[in-house]
Amino acid sequence: MNTLKINNLELTYKNGHQAIRNISLEIKNGMFGLLGPNGAGKSSLMKTIVGLQKPSSGSIQFNDVDIVSNSDYIKKNLGFLPQDFGVYPKVSAYNLLNHIAILKGIKDDTERKNQIQYLLEKVNLWNFKNKEVHTFSGGMKQRFGVAQALLASPKIIIVDEPTAGLDPEERNRFNTLLSDISSEVIVILSTHLVQDVKNLCSEMTIMNSGRILKTGKPKELIEDLEGKIWSKFIDNDELETYQSNLKVISQQLIERQLQITVFASTQPEGFLPVEPILEHVYFNILSQNS
Ligand SMILES: Nc1ncnc2c1ncn2[C@@H]1O[C@H](COP(=O)(O)OP(=O)(O)OP(=O)(O)O)[C@@H](O)[C@H]1O
Ligand SMILES: [Mg+2]
Numbered sequence: 001m002n003t004l005k006i007n008n009l010e011l012t013y014k015n016g017h018q019a020i021r022n023i024s025l026e027i028k029n030g031m032f033g034l035l036g037p038n039g040a041g042k043s044s045l046m047k048t049i050v051g052l053q054k055p056s057s058g059s060i061q062f063n064d065v066d067i068v069s070n071s072d073y074i075k076k077n078l079g080f081l082p083q084d085f086g087v088y089p090k091v092s093a094y095n096l097l098n099h100i101a102i103l104k105g106i107k108d109d110t111e112r113k114n115q116i117q118y119l120l121e122k123v124n125l126w127n128f129k130n131k132e133v134h135t136f137s138g139g140m141k142q143r144f145g146v147a148q149a150l151l152a153s154p155k156i157i158i159v160d161e162p163t164a165g166l167d168p169e170e171r172n173r174f175n176t177l178l179s180d181i182s183s184e185v186i187v188i189l190s191t192h193l194v195q196d197v198k199n200l201c202s203e204m205t206i207m208n209s210g211r212i213l214k215t216g217k218p219k220e221l222i223e224d225l226e227g228k229i230w231s232k233f234i235d236n237d238e239l240e241t242y243q244s245n246l247k248v249i250s251q252q253l254i255e256r257q258l259q260i261t262v263f264a265s266t267q268p269e270g271f272l273p274v275e276p277i278l279e280h281v282y283f284n285i286l287s288q289n290s
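Numbering of the sequence shown is given in UniProt numbering, commencing with residue 1 and proceeding in unit increments.
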C-alpha cells in the first residue's frame, strides 16, 4: 500500500497570490478525485506534489519519505500527466517514449522495448508508433501522455484535467484505462467534471480558493444529502425572492420553465423531494463557501 501525506501545506506565488491554504490530505491506493472550479488551486497543488515547485510551508511525505527535500524519490516513483503537456518535439511516438524511458532510468534495452510496446498497445497507439506526436489528435496526445506517465511502473500517478478536449468515446476509453491501473497505485485525478469523479473515484476532495472544503467517499457525501434536496418550477421573476429566502444550489431551464433546486433540512412549501446526486454535493459545498 502506498501513502501520500500532505500536512498544513501553503503556497504563495512570487506575486503574492496565495494558491494553497493550509491543505492536509492523506491519500492511499485507488483513484482520488480532486474537484474544483477554474482557479481553485488544483494545478498548483499537483505541481507542488510532483516537485515542480516548492511549498512556502508544510510537508509532503510519500511512503514516509519527505519529498519536499528529497524530490528524487518522488520523481523515481511518479507518473505525471500535466494539464498542459506543451510542445512536442518532431520525433516519433516510439522514439519519444524511448527517450523518456531513458530519463526515467530504464537502462536495459530489452526492458525498455518491452515496456514501450506494452504501453503503446495498452493506449491503442501501437499502430502509430512511427508517427510524430505533434501530428496526433487531441485524444491521441492524451493517450500518449498516459503511456509516458506509466513508464517505469510508477507508484503514484497524477493526471491534471486529462479528459479536457476529448470526445465522449475517447473520454470513456481514457477513464477505463485509468481505473484499470488504480488498484495497485495511487492515481490522483484533477478535474472540474463531477461525473468523472462520480464514475471513477473511491475518495474525493472538493477545493476552492486554495482550500479543501470537503473530503470523503462520493457515495457517502451523496448520502449525507438524503432528504435535503428539493426542487420546484418557478417564474423567472421569482428567482431573486427564492434566492434570498432559501439556499438555491442550482437552476435549470426545462422547456422554457425555470426549475430551481434547493438545500433545506425540511421540505419548503410547494417543493418536491429530489434524489441527491454528486452535482448537488459539489454545488452545495461551493455555495456555502463563496
Ligand atoms: N505561477 C503563478 N504565479 C502567480 N499566480 C498563479 C501562478 N499559477 C497559478 N496562479 C494563480 O493561482 C490560482 C490557482 O491556479 P491553478 O492553476 O492552480 O488553478 P486550477 O484549479 O488548476 O484551475 P483550472 O481548473 O483553470 O486549471 C489562480 O488564481 C491562478 O491565477
Ligand atoms: Mg489547472
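We put the CB at the ideal spot given by N, CA and C, even for glycine.
Review point. Which ranges does the beta strand (DSSP E) cover as unbroken runs of at least 3 residues, wholly within the stretch 168–234, from first to last along the chain?
Key: The qualifying runs are 186–191, 203–208, 211–216, 229–234.
Check your understanding: Are three or more beta carbon pairs between the stretch 189–209 and the stretch 23–39 nearer than 8 Å?
Key -> Three or more pairs of CB atoms, one per stretch, sit closer than 8 Å, so the stretch 189–209 contacts the stretch 23–39.
**Study point:** Start and end residues, beta strand (DSSP E) containing K5
**Key:** For the purposes of this step, residue 5 is identified with residue 5 of the sequence shown, where counting begins at 1. Going by DSSP, K5 is part of the beta strand (DSSP E) stretching over 3–12.
Point to revise | Contact test: K54 Cβ vs ligand 1 heavy atom, cutoff 8 Å | key: The residue you call residue 54 lines up with position 54 of the sequence shown. Distances from the CB of K54 to the heavy atoms of ligand 1 are all 8 Å or more.
Check your understanding: Between G270 and I260, what straight-line distance do the alpha-carbon atoms span, to the nearest angstrom?
Key -> Position 270 of the sequence shown, counted from the first residue, corresponds to residue 270. Position 260 of the sequence shown, counted from the first residue, corresponds to residue 260. So the two alpha carbons sit approximately 12 Å from each other.
**Study point:** Three-state secondary structure (DSSP) of K76
**Key:** The count along the sequence shown starts at 1 and reaches residue 76 at position 76. Three-state DSSP puts K76 in a helix.
Check your understanding: Just how far apart, CA to CA, sit N185 and E226?
Key -> As a working mapping, residue 185 is identified with position 185 in the sequence shown. As a working mapping, residue 226 is identified with position 226 in the sequence shown. Contrary to the premise, residue 185 reads as Val rather than Asn in this sequence. So the two alpha carbons sit approximately 32 Å from each other.
**Study point:** alpha helix (DSSP H) segment containing S44, residue limits
**Key:** For the purposes of this step, residue 44 is taken as residue 44 along the sequence shown, with counting starting at 1. S44 -> alpha helix (DSSP H) spans 42–49.
Check your understanding: Helix, strand or coil: how does DSSP classify T110 here?
Key -> As a first step, residue 110 is located in the sequence shown; it is residue number 110 there, counting from the start. Three-state DSSP puts T110 in a helix.
Check your understanding: Can we count S43 as close to ligand 2, meaning its CB is less than 8 Å from some heavy atom?
Key -> Stepping through the sequence shown from its first residue, residue 43 is reached at position 43. The answer is yes for S43.
Exercise for review: Return the bridge partner residues of K247 from the DSSP annotation.
Suggested key: Reading the sequence shown from its first residue, position 247 is the one you call residue 247. Paired residues: F263.
Exercise for review: Assign A40 to one of two classes, buried (16 or more other C-beta atoms within 10 Å of its C-beta) or exposed (fewer than that).
Suggested key: If you number the sequence shown from 1, residue 40 lands on position 40. Classification of A40: buried, given that the 10 Å Cβ count is 16 or more.
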